Amino acid sequence: MADHAAQEPGIPHTQLGHTNPWPFTAGVGLLLVFFGLLPIAYSNPGGWLLIVMGFGLFGIAVAAWLGTLSREDISEARGLTQPEFPRIAPWFTGFLILSEIFLFGGLFASYFYLRNWDYIQTGSLMHFYTGGGSAPVQVWGLFPLLNTFFLLTSSITLQIGEAYLKKGKIAVFQVLLGITVLLGVMFLASQVYEFVNFVTKDHFTLQSGTYGATFFSLTSLHGLHVTAGVILLSYLLGGSFAGQFSAKRHMAVTVIGIYWHFVDVIWIFLVAVLYLRLI
Amino acid sequence: MSETAALAQPHHDQEEHRGGFRWTNWLFTTDHKKIGVIYMLVAFFFFFVGGALAGVMRAQLAAPDLHLVGNTTFNGLVSMHGTIMIFLWVMPMMSGLINFVMPLQIGTRDMAFPRLNALSLWIFVGGGIVLFSTFFLGMPTAGWTSYAPLSVNDPHEVGMDVWILGIEMLGISSITTGLNFVVTIMRLRAPGMSLFKMPLFVWSTLVTGWLLILAMPAIAVALFAVFTERHFGVDFFNAARGGDPILYQHLFWFFGHPEVYILIMPAFGIISEVIPVFSRKPIFGYKAMAWSMIAIAFLSFLVWAHHMFTSGMDPRLTLPFMIMTMVVAIPTGVKMFNWLATMWKGKLYFELPMVFAFGFLVTFALGGFTGVMLAIIPLDLQLTETYFVVGHMHYVMFGGSVLAIFAGLYFWFPKITGYKLDHKLGLWHFWITLIGMNLAFFPMHWLGLLGMPRRVANYDPSFAASNLWVSVGGFIMGLAQLILVANFIITMLKKQRCGTNPWNSVSLEWSTATPVPPHNFDVLPQVTEGPYHYGIPEEESSTKEQARHG
Ligand SMILES: [Cu+2]
Chain A
1 MADHAAQEPG IPHTQLGHTN PWPFTAGVGL LLVFFGLLPI AYSNPGGWLL IVMGFGLFGI
61 AVAAWLGTLS REDISEARGL TQPEFPRIAP WFTGFLILSE IFLFGGLFAS YFYLRNWDYI
121 QTGSLMHFYT GGGSAPVQVW GLFPLLNTFF LLTSSITLQI GEAYLKKGKI AVFQVLLGIT
181 VLLGVMFLAS QVYEFVNFVT KDHFTLQSGT YGATFFSLTS LHGLHVTAGV ILLSYLLGGS
241 FAGQFSAKRH MAVTVIGIYW HFVDVIWIFL VAVLYLRLI
Chain B
1 MSETAALAQP HHDQEEHRGG FRWTNWLFTT DHKKIGVIYM LVAFFFFFVG GALAGVMRAQ
61 LAAPDLHLVG NTTFNGLVSM HGTIMIFLWV MPMMSGLINF VMPLQIGTRD MAFPRLNALS
121 LWIFVGGGIV LFSTFFLGMP TAGWTSYAPL SVNDPHEVGM DVWILGIEML GISSITTGLN
181 FVVTIMRLRA PGMSLFKMPL FVWSTLVTGW LLILAMPAIA VALFAVFTER HFGVDFFNAA
241 RGGDPILYQH LFWFFGHPEV YILIMPAFGI ISEVIPVFSR KPIFGYKAMA WSMIAIAFLS
301 FLVWAHHMFT SGMDPRLTLP FMIMTMVVAI PTGVKMFNWL ATMWKGKLYF ELPMVFAFGF
361 LVTFALGGFT GVMLAIIPLD LQLTETYFVV GHMHYVMFGG SVLAIFAGLY FWFPKITGYK
421 LDHKLGLWHF WITLIGMNLA FFPMHWLGLL GMPRRVANYD PSFAASNLWV SVGGFIMGLA
481 QLILVANFII TMLKKQRCGT NPWNSVSLEW STATPVPPHN FDVLPQVTEG PYHYGIPEEE
541 SSTKEQARHG
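Below, the structure is given as structure tokens:
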């Protein structure tokens, strides 16, 4: 009954704060963000103010939330007082990834659908890739190659780092985790640079036909996931300096690691489909 | 009760009685029971808002050539009525019942992620506020389906954008809720409760959770695409610029059909709880009931294009979609027959939940039949976009989901509040609702067969008589809901306690105190038997019953 260690009969419920102000606060923050998108859609920059405020509120709430989490995680060995991180966390991550697969799947399906639709209409396999221009856009190059290198390496450093953590070598873990974060940041920087190049040099933008629409939707959505990953990894890095992780306490590292590998796998699909056009 | 549990007792007592009611206890709560109650209260608010919208529509349609509201307003009413009833009434109401009941039924202290649960709630409420604001900013007019290009054509229609943002928020809330349901059920069941010892309501929650996790991303993508196409010149659906509006329909219905089961699956769970209790018999074919839910959920991802037979999609694909749709009738039929077989030779008690369950069986069966009819391509080509579809859909949604919600509400109200809703008033509520709904929805079938188009503010005078019936029925049905409200108020004022287990149910939620203490169980239960071990003689206990019929 290892599964039910947190639920053994007879163990009384000792303490569980039945109130916590942060979920509500985070909800208000998200409400501001979504309301902020409305003015932006109508070219009113005032929306950015709402979005910044909303994200700020959301960020503060989530940070405070995670703070209480790790404190309880240390103070309580078992029971539902630290619900977010024992065994249930990997399951959560697994199902979240399943949902994400369907999210990316929806955009990938749109990409293939629209490419096929273009082929039916024009009779040309390459026409889709012109994005409304005269010649097919050349998307593969130095930056996607670098990005692939950054992401694949970061997965490896994180994995090795986790192995060292499990052996109790915290310092090595911290160095490798730091390198992972750095690689993630470099990916993002390089992707921004790549996008700027697309827009200024190739005149390839979100508005470049159905190709531009699906290409930039997919890559940006992935970029957002990398951003979230970098934030989570930074949280781990901070936590490791606060002494939250040890050879026996590494669930958060494992879980966020799984997520990071998933983001990596999605990138490989993006390279194969969008950049190399293998399928 | 163990010594430790006794020691824990004073703690929560203090918590409960300190200072009485405090609004922060509700606003900041992470308790699944309070969260469930908030879901239900918000859902009821929107039930009446959505009902009022239907009232205006039926007033407009009571006779031909009325001009109560203009065409645009009517389109707005159609859109918001559908949106509210689906996303802000049935879904959160089910969510509320599940939140309150499911953790108790599996014998645990709370959801796997209580704080995430609270966040899901407030994102949902936020989405509700955003959608509600369309009444001030302008209602969207593209229907609850918001097909492109209809939803794309007018980039200055603020209501459309507000609608998109609201639905995206509700989508996020639904995904996190689904994750919470699934992980809670998979990881936090009381010791001894194997998957096939779970009550069927828990099974239905598990399946619903899966559907939420897998279906919601599709609409998130679809609406993201609409939003960017409206404002940033991005081409997904614009046929003039290489896009295809049919892509929107594919994305939407990949979400939309599973969504239908998100709405009905918890209803199956509720009915499966109610019927054994009031038949004093184990559920017939427990395993078949669980597997049929899994089968329905699986099939729901393979039938979406039955909504698109007239869209101009590839005609080679229509036949497989028709066949898959008809296959769904098999597991659904299994459920119907098992419910009937559960009652067969049972000792039936016609308490309110059972009465509503009866209503459910009849009306849902009718809605199911017309569903199979609509799946038949040649019939669908004639009937799509007519009132036949509206009739079918309301038999399933109201006759199915909403009657089941009422059954669940009357069933678990004593657990939630400690009081039983008044029986006589409940019967009035049932019969007037049932008469009103059949009066309202049945004529829609022949109106559709005669060719009356749906979603239009006016109609040919030859349809006048039937439409008057529909309107009258609709108003009767709406007024009947006031009886429910009156029943709430009277019951809450009378404060007649009904005991911990007024229905003599054997499932776990009734084994703990009422009102349920914050930590649910003083000592977590140990599960040894299946959830429906009703009835004598002994050898008819659930395990053997399952062995024979499973
Ligand atoms: Cu369908």
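As you go down the protein sequences, you meet chains A and B in turn. Just so we're aligned, residue 1 is where the first sequence starts under my numbering, counting upward by one. Just so we're aligned, residue 1 is where the second sequence starts under my numbering, counting upward by one. No residue lacks a Cβ here, since even glycine has one placed at the ideal position from N, Cα and C. This structure is a prediction, so every number in the text was calculated from the model and none was measured.
Three-state class that DSSP yields for R316(B) in the structure shown
Reduced to three states, the DSSP call for R316(B) is helix.
Let me know if Y349(B) comes out buried or exposed under the rule of 16 or more other beta-carbons within 10 Å of its beta-carbon.
Result: exposed.
Answer yes if the region 24-42 of chain B comes into contact with the region 57-71 of chain B, meaning at least three C-beta pairs across the two stretches below 8 Å, and no otherwise.
When Cβ pairs closer than 8 Å are counted between the two stretches, the region 57-71 of chain B is seen not to touch the region 24-42 of chain B, the count staying below three.
For L317(B), which residues of its own chain have a beta-carbon under 8 Å away from its beta-carbon, when the five flanking residues on both sides are left out?
Closer than 8 Å at the Cβ level, and outside the excluded window around L317(B), lie A305.
Between T370(B) and ligand 1, is there a pair consisting of the residue's CB and a ligand heavy atom that are separated by less than 8 Å?
Incorrect: T370(B) has no Cβ contact closer than 8 Å to ligand 1.
When every heavy atom of ligand 1 is checked, does at least one fall within less than 8 Å of the C-beta of W304(B)?
Yes.
Three or more C-beta pairs closer than 8 Å, one from the region 426-439 of chain B and one from the region 462-475 of chain B: is that the case here?
Of all C-beta pairs linking the region 426-439 of chain B to the region 462-475 of chain B, three or more are shorter than 8 Å, placing the two stretches in contact.
So with Cβ pairs under 9 Å, would you call W53(B) a contact of chain A?
According to the sequence as given, residue 53(B) is Leu; it is not Trp. Cβ-Cβ to chain A under 9 Å: no for L53(B).
G367(B): CB within 8 Å of a non-hydrogen atom of ligand 1
Remark: the shortest separation between the CB of G367(B) and any heavy atom of ligand 1 does not fall under 8 Å.
Mind listing the chain B neighbours of R87(A)? Cutoff is C-beta to C-beta under 9 Å, in chain order.
Per Cβ cutoff of 9 Å: R187.
Counting only beta-carbon atoms, is N44(A) nearer than 9 Å to chain B?
No, because no Cβ of chain B sits closer than 9 Å to the Cβ of N44(A).
What residues match up with F395(B) in a beta bridge as DSSP calls it?
Position check: residue 395(B) holds Tyr in this sequence, whereas Phe was assumed. According to DSSP, which records beta bridges pairwise, Y395(B) is partnered with nothing at all.
Residues in its own chain within less than 7 Å of W428(B) by CB, not counting five upstream and five downstream?
Non-local C-beta neighbours of W428(B) in its own chain, meaning closer than 7 Å and more than five positions away in sequence, comprise I483, ordered along the chain.
Kindly say whether N338(B), judged by its beta-carbon, lies nearer than 9 Å to any beta-carbon of chain A.
Cβ-Cβ to chain A under 9 Å: no for N338(B).
Proximity test, H307(B) beta-carbon vs ligand 1 heavy atom, cut-off 8 Å:
Answer for H307(B): yes, Cβ within range of ligand 1.
Are the CB atoms of I38(B) and V125(B) within a distance shorter than 9 Å?
Cβ distance < 9 Å, so V125(B) and I38(B) count as in contact.
Please go through the same chain and pick out, in chain order, the residues whose beta-carbon is closer than 6 Å to the beta-carbon of L278(A), but skip the five residues on each side of it.
Only A272 meet the Cβ criterion.
Within chain A, the residues that G233(B) reaches when beta carbons sit closer than 7 Å:
Q207, listed in chain order.
Is the beta carbon of V260(B) within less than 8 Å of some heavy atom of ligand 1?
Yes, the Cβ of V260(B) comes within 8 Å of a heavy atom of ligand 1.
What do you get for G79(A), buried or exposed, if any count of 16 or more other CB atoms within 10 angstroms of its CB means buried?
Confidence in G79(A) is poor, its pLDDT being 40 and thus under 50, which makes the residue's placement unreliable; the coordinate value appears in the next sentence. A residue is called buried once 16 or more other Cβ atoms fall within 10 Å of its Cβ, and G79(A) is buried on that count.
Starting from the C-beta of E509(B), find all residues in its chain whose C-beta is less than 7 Å away, skip the five residues before and the five after it, and write them out in chain order.
Sequence-distant Cβ neighbours of E509(B) in its own chain, meaning closer than 7 Å and more than five residues away, are V101, L104, Q105 and K415.
Run down chain A in chain order and give the residues with a C-beta less than 8 Å from the C-beta of E529(B).
Correct list: empty, because the minimum Cβ distance to chain A is about 15 Å.
Would you grab the beta carbon distance between G257(A) and L158(A) for me? Rounded to a whole angstrom, and I think it's under 8 Å.
About 5 Å; that satisfies the 8 Å criterion.
What does G243(B) touch in chain A if you count any residue whose Cβ is under 9 Å from its own?
In chain order: L114, W117, G209, T210 and A213.
Neighbour flag for A557(B) against chain A, beta carbons, 9 Å:
The requested residue 557(B) does not occur in the structure, where chain B is confined to residues 1 to 550.
Go through its chain and collect everything with a Cβ distance to S217(A)'s Cβ below 7 Å, but skip five positions before and after it.
Scanning its chain for C-beta atoms nearer than 7 Å, with the 5 sequence neighbours on each side dropped, one finds around S217(A) the residues L107, in chain order.
Kindly indicate if chain B contains any beta-carbon less than 9 Å away from that of F269(A).
Closer than 9 Å to the CB of F269(A) there is not a single CB belonging to chain B.
May I ask you to check if the CB of G256(B) is nearer than 8 Å to at least one heavy atom of ligand 1?
Here the distance from the Cβ of G256(B) to the nearest heavy atom of ligand 1 is below 8 Å.
Cα separation between A357(B) and G171(B)?
If you take the alpha carbons of A357(B) and G171(B), they lie about 30 Å apart.
On a Cα-Cα basis, can you pick out the residue from W22(A), L103(A) and Q191(A) that is closest to I213(B)?
Per the Cα distances, L103(A).
Please state whether DSSP places A305(B) in a helix, a strand or coil.
Three-state DSSP puts A305(B) in a helix.
Distance, Y534(B) Cα to K287(B) Cα
Their backbone Cα atoms lie some 17 Å apart in a straight line.
Cβ shell of V303(B) (< 7 Å), same chain only, five flanking positions each side left out:
So the qualifying residues of the chain are H257, F321, M324, T325 and V328.
Going by beta carbon distance, what residues of the same chain come within less than 7 Å of A513(B), once the five residues before and after it are set aside?
T500, listed in sequence order.
Enumerated in chain order, which unbroken segments of the alpha helix (DSSP H) with a length of 4 residues or greater are wholly contained in the region 416-449 of chain B?
Counting only runs of 4 or more, we get 423-449.
Collapsed DSSP secondary structure at R497(B) in the structure displayed
Residue state, collapsed to three classes: strand.
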